[in-house]
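This report refers to the structure that appears directly beneath it.
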Amino acid sequence: MSFQIDWKWIPRGIAFGLLAFIIFGPLTNLILWAVAERWYFPHVLPLKYGFSFWANVFSPRGNAMASLGTSVLIAALTVILSLGLAIPAGYALARLRLPFRGLILLALLIPQAFPNLPVYVNIARIFYQYSLNGTILGVVLVHVTHGLVYAVWIATAAFSSIDRELEEAARSMGASALRGFWDVTLPIAAPGLLASAIFVFLESLDEFTGTYFVGAPDVMTLPLLLYTAGSGGNYQIASITALILLVPSIAFMFVVERFLRSDVLSRVGH
Amino acid sequence: MPIQLIGFLLVAPALAVVLLLFIVPLVSSVTGAFDVGGSYGLGNFTKALELYSGDILFTLVIVLLSSGLIGLFSIMIGGYLTLGTNARAVAILRWIYRWPLFIPFIVVGQILRTFLAKNGLMNNIFIELGLMTPAAAMSFLDWRGIVVAFVWKQTPFVTLLLAGAMASIDQSTIEAARNLGAGRVRILIEVVLPQVRQTLLVGLILSFVTMMSVLSVPLMINAQSPTMITANMAFRINAHGDYGVANALGLISLLMTSVAAMVYLRQTMREHSR
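Line by line, the protein sequences give chains Z and R. Just so you know, we're using the numbering used here here: the first sequence kicks off at 24 and counts up by one. Just so you know, we're using the numbering used here here: the second sequence kicks off at 25 and counts up by one.
As structure tokens, this is what we get:
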């Protein structure tokens with residue numbers, strides 16, 4: 024029996040090992056911090072493992088559960104509002120012959136083309152006049168503005184990848200425009216729209232800068248809790264909070280291509 | 025109702041949100057930068073330059089260096105994914121590289137803060153493996169930490185776009201070069217890269233703008249001077265309520281990105297007009 028060793032696996036193995044260290048090293052560190060009871064210099068690994076910090080974080084009186092609730096509420100409202108705005112806009116941009124289509128797309132791209140920190144600073148100032156600072160609604164509005172770009176792009180891509188003839192077939196059988204949209208177009212575009220909903224949800228869940236200026240200290244989302252705990256040197260609480268944020272992000276990374284088929288992906292931004 | 029009016033009505037709410045909640049504050053950040061105690065002047069800029077000219081340069085260097093490294097690594101990874109001959113090796117790389125893709129910056133800041141510290145896991149592992157003496161251990165929580173955080177988080181994003189573009193180019197051009205005896209590095213540089221230049225440019229510009237907007241990474245990894253102007257803006261507002269200087273710094277960051285943004289918007293417009 025001949026057994027051939029592929030010598031090329033040696034440099035490959037070294038390169039992959041290095042890459043894996045760079046990517047998984049910091050992630051392992053986070054998990055270690057999350058389950059470390061005691062860990063100090065010069066010990067390479069924690070001295071004592073345990074879940075007492077978890078019990079603290081998840082206790083009914085802990086800040087984390089309240090922050091998680093606030094974060095999920097804000098993210099859900101952001102998704103509803105963003106998609107409510109993006110579905111009609113995306114359909115019109117993909118299907119109807121609009122005057123100034125290029126200009127409209129340009130306007131919708133602007134939030135992506137400029138750094139948003141100076142904008143958040145001034146939104147906070149404007150919101151202050153309308154007593155929107157420190158309210159859930161204020162934070163949701165900031166997140167919607169940020170998520171809208173992606174939502175409109177993906178919705179436009181999802182609608183323009185649908186065969187126009189399907190709608191025309193429905194129309195020729197006597198369906199109204201709205202009925203054709205509701206019964207034919209929307210179900211076919213659903214996977215792409217779902218992907219954009221998940222994406223907007225995650226963006227809102229993870230958003231720090233806008234919430235920091237508009238929401239803090241009254242609206243305490245998970246990222247703000249993480250930041251506060253980390254600044255106070257409480258690395259266990261910060262790491263556990265980071266893990267809660269990490270799980271949905273990594274789960275989405277693995278399934279994103281299942282939702283966003285390549286024919287939709289290839290039309291994003293077109 | 026004419027179809028164009030319907031179309032406009034469908035787009036109008038989304039446009040109104042962007043206009044009211046992005047463009048209006050953007051304009052007020054520009055006017056605010058020139059507002060010195062109610063009258064217009066350049067006082068905020070002289071103060072900003074006096075206090076933060078080092079940090080402005082520091083920001084530009086960090087962001088440009090990070091963009092360069094992101095471009096280099098994404099070309100390397102994307103190139104191997106496209107031209108790699110061993111299916112298993114390509115699958116392993118595809119599985120590994122994208123983990124940081126959707127990890128939020130705030131989490132990246134937290135995990136790298138503990139990983140790169142003087143007593144962090146990275147130095148401890150190096151010491152344990154005998155690669156380093158404990159006395160030689162140093163903290164990477166300065167400009168290097170910020171660059172590591174940006175490259176770690178943004179490389180997968182640019183690679184994803186780039187690998188997608190590389191996969192969709194005409195395979196016969198690669199085959200032709202291969203038949204002529206060109207090596208893989210040469211094929212990557214001379215055949216593949218020129219065809220995906222646009223995608224690389226768009227990916228890098230989006231990363232550039234993102235890095236100029238991130239507050240959590242500089243705050244968590246290195247908030248002492250020299251730091252990035254994003255951290256300075258937050259400091260001016262939280263510690264002094266000084267919107268003038270914060271807006272002046274904001275306008276400086278807008279100017280830095282506007283060059284990049286112009287290239288990007290023109291690129292997108294050109295693609296739309298096709």
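Even glycine gets a Cβ: it sits at the ideal position worked out from N, Cα and C. Predicted model, so just to flag it, every value in this text is computed and none were measured.
8 Å contact criterion, which residue i and residue j should meet: CB distance rounded
{"i": "S240 (chain R)", "j": "I130 (chain R)", "result": "4 Å"}
{"i": "Y121 (chain R)", "j": "I135 (chain R)", "result": "Contact doesn't hold; Cβ gap of about 17 Å is too wide."}
{"i": "G73 (chain Z)", "j": "V165 (chain Z)", "result": "Not quite, the Cβ-Cβ distance comes to about 38 Å (not below 8 Å), so this is no contact."}
{"i": "L243 (chain R)", "j": "A258 (chain R)", "result": "7 Å"}
{"i": "V226 (chain R)", "j": "W176 (chain R)", "result": "That pair is no contact at about 21 Å."}
{"i": "D206 (chain Z)", "j": "A198 (chain Z)", "result": "7 Å"}
{"i": "S98 (chain R)", "j": "L186 (chain R)", "result": "5 Å"}
{"i": "T168 (chain Z)", "j": "F232 (chain R)", "result": "Contact flag wrong, Cβ pair sits at about 20 Å."}
{"i": "L216 (chain Z)", "j": "P271 (chain Z)", "result": "Incorrect: roughly 18 Å between the Cβ atoms, too far for contact."}
Rounded separation between residue i and residue j - CA only
{"i": "P158 (chain R)", "j": "H66 (chain Z)", "result": "12 Å"}
{"i": "I263 (chain Z)", "j": "L145 (chain R)", "result": "17 Å"}
{"i": "H293 (chain Z)", "j": "V54 (chain R)", "result": "Bear in mind that a pLDDT of 46 at H293 (chain Z), under 50, signals an unreliable position, so the model cannot answer this."}
{"i": "N257 (chain Z)", "j": "Q152 (chain Z)", "result": "35 Å"}
{"i": "P250 (chain R)", "j": "I149 (chain R)", "result": "29 Å"}
{"i": "S254 (chain Z)", "j": "N262 (chain R)", "result": "15 Å"}
{"i": "F164 (chain R)", "j": "N246 (chain R)", "result": "10 Å"}
{"i": "F224 (chain Z)", "j": "L44 (chain R)", "result": "22 Å"}
{"i": "I170 (chain R)", "j": "I86 (chain R)", "result": "8 Å"}
{"i": "N145 (chain Z)", "j": "A284 (chain R)", "result": "23 Å"}
{"i": "R118 (chain Z)", "j": "D266 (chain R)", "result": "47 Å"}
{"i": "V215 (chain R)", "j": "L224 (chain R)", "result": "15 Å"}
{"i": "A261 (chain Z)", "j": "L88 (chain R)", "result": "30 Å"}
{"i": "W30 (chain Z)", "j": "L41 (chain Z)", "result": "18 Å"}
{"i": "L116 (chain Z)", "j": "V42 (chain R)", "result": "16 Å"}
{"i": "S195 (chain Z)", "j": "M293 (chain R)", "result": "35 Å"}
{"i": "M24 (chain Z)", "j": "T109 (chain R)", "result": "Only weak support exists for where M24 (chain Z) lies, its pLDDT of 48 falling under 50; the value from the coordinates is given anyway. If you take the alpha carbons of M24 (chain Z) and T109 (chain R), they lie about 25 Å apart."}
{"i": "V287 (chain R)", "j": "L108 (chain Z)", "result": "28 Å"}
{"i": "Q219 (chain R)", "j": "G188 (chain R)", "result": "12 Å"}
{"i": "A161 (chain R)", "j": "G154 (chain R)", "result": "12 Å"}
{"i": "T254 (chain R)", "j": "R168 (chain R)", "result": "17 Å"}
{"i": "V172 (chain Z)", "j": "A181 (chain Z)", "result": "14 Å"}
{"i": "E191 (chain Z)", "j": "A220 (chain Z)", "result": "27 Å"}
{"i": "K71 (chain R)", "j": "S282 (chain R)", "result": "22 Å"}
{"i": "F275 (chain Z)", "j": "F69 (chain R)", "result": "43 Å"}
{"i": "S105 (chain Z)", "j": "F47 (chain Z)", "result": "34 Å"}
{"i": "E152 (chain R)", "j": "Q178 (chain R)", "result": "30 Å"}
{"i": "L160 (chain Z)", "j": "F58 (chain R)", "result": "30 Å"}
{"i": "P134 (chain Z)", "j": "I110 (chain Z)", "result": "18 Å"}
{"i": "A201 (chain R)", "j": "V278 (chain Z)", "result": "35 Å"}
Proximity below 8 Å, CB of residue i to CB of residue j
{"i": "I127 (chain R)", "j": "L269 (chain Z)", "result": "yes"}
{"i": "P49 (chain Z)", "j": "F139 (chain R)", "result": "yes"}
{"i": "L117 (chain R)", "j": "L105 (chain R)", "result": "yes"}
{"i": "S75 (chain Z)", "j": "E60 (chain Z)", "result": "yes"}
{"i": "L249 (chain Z)", "j": "N86 (chain Z)", "result": "no"}
{"i": "T244 (chain Z)", "j": "T93 (chain Z)", "result": "yes"}
{"i": "A40 (chain R)", "j": "A112 (chain Z)", "result": "no"}
{"i": "A57 (chain Z)", "j": "Q259 (chain Z)", "result": "yes"}
{"i": "A136 (chain Z)", "j": "L289 (chain R)", "result": "yes"}
{"i": "G95 (chain R)", "j": "G268 (chain R)", "result": "no"}
{"i": "P69 (chain Z)", "j": "W77 (chain Z)", "result": "no"}
{"i": "R208 (chain R)", "j": "L84 (chain R)", "result": "no"}
{"i": "L91 (chain Z)", "j": "I267 (chain Z)", "result": "yes"}
Residue environment, residue i, which counts as buried when at least 16 other CB atoms sit within 10 Å
{"i": "G170 (chain Z)", "result": "buried"}
{"i": "M235 (chain R)", "result": "buried"}
{"i": "E320 (chain Z)", "result": "Outside the displayed range of chain Z (24 to 293) lies residue 320 (chain Z), so it cannot be described from this structure."}
{"i": "L131 (chain Z)", "result": "buried"}
{"i": "M280 (chain R)", "result": "buried"}
{"i": "P124 (chain R)", "result": "buried"}
{"i": "T183 (chain R)", "result": "buried"}
{"i": "F181 (chain R)", "result": "buried"}
{"i": "P122 (chain Z)", "result": "exposed"}
{"i": "E199 (chain R)", "result": "exposed"}
{"i": "R148 (chain Z)", "result": "buried"}
{"i": "G65 (chain R)", "result": "exposed"}
{"i": "Y10 (chain Z)", "result": "Lying outside 24 to 293, the shown extent of chain Z, residue 10 (chain Z) is not represented and no answer is given."}
{"i": "W32 (chain Z)", "result": "exposed"}
Please determine if the stretch 118-128 of chain Z and the stretch 45-53 of chain R are in contact, where contact requires at least 3 C-beta pairs separated by less than 8 Å. no
Measuring CB atoms only, is the stretch 139-147 of chain Z touching the stretch 193-209 of chain Z, in the sense that at least three cross pairs come out at less than 8 Å? no
Between the stretch 204-214 of chain Z and the stretch 184-195 of chain Z, do three or more beta carbon pairs fall short of 8 Å? A contact exists between the stretch 204-214 of chain Z and the stretch 184-195 of chain Z.
Any chance the stretch 61-81 of chain R sits against the stretch 262-279 of chain R, with 3 or more Cβ pairs inside 8 Å? yes
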